[in-house]
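Peer 1:
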Amino acid sequence: MTKHTFLQQLEHELKGIPAVERADVLHDYEEHFMFAIEAGKSEEEIANALGSPSQIAKELLANYHVQRATVSSSAGSIIRATWAVIGLSFFNLVIVLGPAVGVAGVIVAGWATALALGLSPLLVIVNAVVHPSTFLLFDLFFSLAICGLGIFLGMGMLYVTKLAKNASISYLKYNVSLVKGGLKHD
Numbered sequence: 002m003t004k005h006t007f008l009q010q011l012e013h014e015l016k017g018i019p020a021v022e023r024a025d026v027l028h029d030y031e032e033h034f035m036f037a038i039e040a041g042k043s044e045e046e047i048a049n050a051l052g053s054p055s056q057i058a059k060e061l062l063a064n065y066h067v068q069r070a071t072v073s074s075s076a077g078s079i080i081r082a083t084w085a086v087i088g089l090s091f092f093n094l095v096i097v098l099g100p101a102v103g104v105a106g107v108i109v110a111g112w113a114t115a116l117a118l119g120l121s122p123l124l125v126i127v128n129a130v131v132h133p134s135t136f137l138l139f140d141l142f143f144s145l146a147i148c149g150l151g152i153f154l155g156m157g158m159l160y161v162t163k164l165a166k167n168a169s170i171s172y173l174k175y176n177v178s179l180v181k182g183g184l185k186h187d
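Using this note's numbering, the first residue of the sequence shown is number 2, and each one after it goes up by one.
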């Protein structure tokens, strides 16, 4: 594979990152080719030593999305990082996706429970309007106590969600470094 073909494929595979960062990566690989050619290697030897542009792009995209997820607190950035890491290998489909779905399920269930408990007084009030003869003050006070539990659960879920986000990002970084061939300390 020639330098031109290698860089063209790499650029095509890196379409998921901003143009400025893509240009920096391509410039780095152009310099790598330039220095290796000056050292007497052929373009084919250099391309073979670097590996597949597709695999290089997957690793770079995974790193990019994991870094973005570290900075951003949105669920979308974590999902993009998870998919980028899964894209590194089929093995990651089982190792990353399974725990990600499990953790997401627990978090969604926790928030749904907190919301349901928090809205319980509203249901008592609606029931009192629809069926006034069945209204008991005990129901209202009991639903207020349950609402308090819902608020506490919501506060706990806020902490759990932040903890899960940070743990997910750390796990994705660990997984990327494992796929790259060893652990790297940041």
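Ideal Cβ positions, reconstructed from N, Cα and C, are used throughout, including at glycine.
Taking the continuous alpha helix (DSSP H) assigned at PHE7, which residues delimit it?
Peer 2: Looking at the DSSP string, the run of the alpha helix (DSSP H) that includes PHE7 is 4-14.
Peer 1: To the nearest whole angstrom, what separates the beta carbons of PHE34 and ILE18, a pair I think is in contact under 8 Å?
Peer 2: With a Cβ gap of about 20 Å, PHE34 and ILE18 do not count as contacting.
Peer 1: Exposed or buried, ASN167, counting other C-beta atoms within 10 Å across all chains shown (16 or more means buried)?
Peer 2: ASN167 is exposed by the Cβ-count criterion.
Peer 1: Excluding the 5 residues preceding and the 5 following HIS186 in the sequence, name in chain order all residues of the same chain whose CB lies nearer than 7 Å to its CB.
Peer 2: Confidence in HIS186 is poor, its pLDDT being 46 and thus under 50, which makes the residue's placement unreliable; the coordinate value appears in the next sentence. Excluding sequence neighbours, HIS186 sits near nothing in its chain.
Peer 1: Are the beta-carbon atoms belonging to CYS148 and LEU173 less than 9 Å from one another?
Peer 2: Going by C-beta atoms, CYS148 is not nearer than 9 Å to LEU173.
Peer 1: The alpha helix (DSSP H) spanning PRO133 covers which residue range?
Peer 2: No alpha helix (DSSP H) holds PRO133; DSSP gives it neither H nor E.
Peer 1: My guess is that LEU154 and ALA115 are in contact by the Cβ rule of under 8 Å, so how many angstroms apart are they, rounded?
Peer 2: So it is a contact: roughly 4 Å between Cβ atoms.
Peer 1: Can you find the residues in the same chain that come closer than 8 Å, C-beta to C-beta, to ILE170, ignoring five residues on each side of it along the sequence?
Peer 2: Result list for ILE170: VAL67, ALA70, THR71, ILE79, ALA82, in chain order.
Peer 1: Does GLY164 pass the burial test, meaning 16 or more other C-beta atoms within 10 Å, or should it be called exposed?
Peer 2: Here residue 164 turns out to be Leu, not Gly, going by the sequence shown. When all chains shown are included, LEU164 counts as exposed.
Peer 1: Look at the Cβ atom of LEU15, then the Cβ atom of ALA63, and state whether they are nearer than 9 Å.
Peer 2: No.
Peer 1: Here's the rule: buried if 16 or more other CB atoms are within 10 angstroms of the residue's CB, otherwise exposed. What is MET156?
Peer 2: Exposed, since its Cβ has fewer than 16 Cβ neighbours within 10 Å.
Peer 1: So what does DSSP say about LEU137, is it helix, strand or coil?
Peer 2: Note: LEU137 maps to coil in three-state DSSP.
Peer 1: Near VAL21, which residues of its chain fall below 8 Å by C-beta distance, leaving aside the five closest residues on each side in sequence?
Peer 2: Closer than 8 Å at the Cβ level, and outside the excluded window around VAL21, lies no residue.
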